[in-house]
Amino acid sequence: MKGVIFVELIKMAEDAFGEDTVDLVLDKANLENDGAFTTVGNYPCSELIKVVMAFSEHSGLSPVVLQRKFGHWMMDHFVNNYPVFFEGKTDTFSLLEVVDGEIHVEVQKLYPEAELPVFKTERLAPDHLLMTYSSPRPLGEFCHGMIEACLTRFDQTADVTHAAVAGVDNAIAFDIRLT
């Protein structure tokens, strides 16, 4: 998993808890590299889960809540650092529908070794999108947070539900209905 994800998670934690607290929490997390992440490094997803669990224990917030908050944080990061991905996108669905066909194509050019999740979308009605997320990493709640942040970015509201895809590890179907 790309180091930028780890670095941004640490930045979010520092913003919420302060640098000293982050250092203490990371020391307790028993990480392979003692919490020294770089944006260009690659790290196992299991280390990300350890960090999330450590901050969950520290804060009392569930890992689900923390992953969703991190999804919101990363949406802001992407908007600020990769604005070209958002050009011409006028609503949530127009962005979600091009994650695989446009955004991930460009990400793969920048990071050829990156193992990206797969997003398949199906527009069921003008106000209804089904999006299936599949990944070797168990980050469905992070994805849910990204969807919520996308809705916020485009000043839209929706009912977002999700369920595991039967028989497929780490695949989640998100049902998004604009309200």
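Each residue of the sequence shown is one higher than the one before, counting from 1138 in my numbering. Using N, Cα and C, we set each Cβ at its ideal position, and we do this for glycine too.
Open item on the list: Our contact map puts D1213 next to Q1293 with C-beta atoms below 8 Å; I'd like the distance itself, whole angstroms only.
Closed with: Position 76 of the sequence shown, counted from the start, is the residue given in the question as residue 1213. Position 156 of the sequence shown, counted from the start, is the residue given in the question as residue 1293. Wrong, their Cβ atoms sit about 17 Å apart, outside the cutoff.
Task: Cβ distance (whole Å) where F1311 is taken to contact M1268 below 8 Å - done: As a first step, residue 1311 is located in the sequence shown; it is residue number 174 there, counting from the start. As a first step, residue 1268 is located in the sequence shown; it is residue number 131 there, counting from the start. With 8 Å as the limit, F1311 and M1268 qualify as a contact, their Cβ atoms being about 5 Å apart.
Open item on the list: F1279 and Q1204 - do their beta-carbons sit closer together than 7 Å?
Closed with: Indexing the sequence shown from 1 puts residue 1204 at position 67. Indexing the sequence shown from 1 puts residue 1279 at position 142. Contact: yes.
Task: Pairwise C-alpha distance: M1138 and Y1180 - done: Numbered from 1 along the sequence shown, position 43 holds the residue referred to as residue 1180. Numbered from 1 along the sequence shown, position 1 holds the residue referred to as residue 1138. The straight-line gap separating the alpha-carbon atoms of Y1180 and M1138 is approximately 5 Å.
TODO: From the DSSP output, read off the bridge partner residues of D1296.
DONE: Position 159 of the sequence shown, counted from the start, is the residue given in the question as residue 1296. Beta-bridge partners assigned by DSSP to D1296: R1314.
Task: Bridge partners - N1167, DSSP secondary structure assignment - done: On the sequence shown, position 30 is the one that residue 1167 refers to. Its beta-bridge partners do not exist; DSSP assigns none.
- [ ] With L1146 as the anchor, note down where its beta strand (DSSP E) starts and where it stops.
- [x] Within the sequence shown, numbered from 1, the residue matching residue 1146 stands at position 9. Going by DSSP, L1146 is part of no beta strand (DSSP E) but of the alpha helix (DSSP H) stretching over 1140-1154.
- [ ] Measure the C-alpha to C-alpha separation of L1161 and T1176 and round it to an integer number of angstroms.
- [x] Start at 1 with the first residue of the sequence shown, and residue 1161 comes out as number 24. Start at 1 with the first residue of the sequence shown, and residue 1176 comes out as number 39. About 21 Å.
Open item on the list: DSSP three-state label for E1252, please.
Closed with: Along the sequence shown, one-based indexing puts residue 1252 at 115. Reduced to three states, the DSSP call for E1252 is coil.
- [ ] On a CA-only basis, which of E1250, S1183, E1224 is nearest E1169? Give me that one, please.
- [x] As a first step, residue 1169 must be located in the sequence shown, where it is residue number 32. Out of E1250, S1183, E1224, S1183 has the C-alpha closest to the C-alpha of E1169.
TODO: Determine the extent of the alpha helix (DSSP H) in which A1289 is found, giving its start and end residues.
DONE: Counting from one through the sequence shown, the residue named residue 1289 turns up at place 152. According to the sequence shown, residue 1289 is Thr rather than Ala. Following the DSSP letters along the chain, one finds T1289 inside the alpha helix (DSSP H) bounded by residues 1277-1290.
Task: Cα-Cα separation between E1250 and Y1270, rounded to whole angstroms - done: Taking the first residue of the sequence shown as 1, we reach residue 1250 at position 113. Taking the first residue of the sequence shown as 1, we reach residue 1270 at position 133. When only Cα atoms are considered, E1250 and Y1270 end up about 20 Å apart.
Task: Neighbourhood of E1252 by C-beta distance below 7 Å, restricted to the same chain and skipping five residues each side - done: In the sequence shown, counting from the first residue as 1, residue 1252 sits at position 115. Scanning its chain for C-beta atoms nearer than 7 Å, with the 5 sequence neighbours on each side dropped, one finds around E1252 the residues P1273, in chain order.
Open item on the list: Using C-beta distances below 7 Å, list every residue in its chain close to D1157, excluding the 5 sequence neighbours before and after it, in chain order.
Closed with: Along the sequence shown, read from residue 1 onward, the residue named residue 1157 stands at position 20. The beta carbon of D1157 is closer than 7 Å to none in its chain, skipping five residues each way along the sequence.
TODO: Could you tell me the distance, in whole angstroms, from the CA atom of A1166 to the CA atom of K1187?
DONE: Working through the sequence shown from its first residue, we reach residue 1166 at position 29. Working through the sequence shown from its first residue, we reach residue 1187 at position 50. Straight-line spacing of the CA atoms in A1166 and K1187 works out to 6 Å.
Task: Counterpart residues of I1309 in DSSP-defined beta bridges - done: Walking along the sequence shown from the start, residue 1309 turns up at place 172. Note: I1309 is bridge-paired with Y1270, A1301 in the DSSP secondary-structure output.
- [ ] Let me know if A1286 comes out buried or exposed under the rule of 16 or more other beta-carbons within 10 Å of its beta-carbon.
- [x] On the sequence shown, residue 1286 is found 149 positions in, with the first residue counted as 1. A1286 comes out buried.
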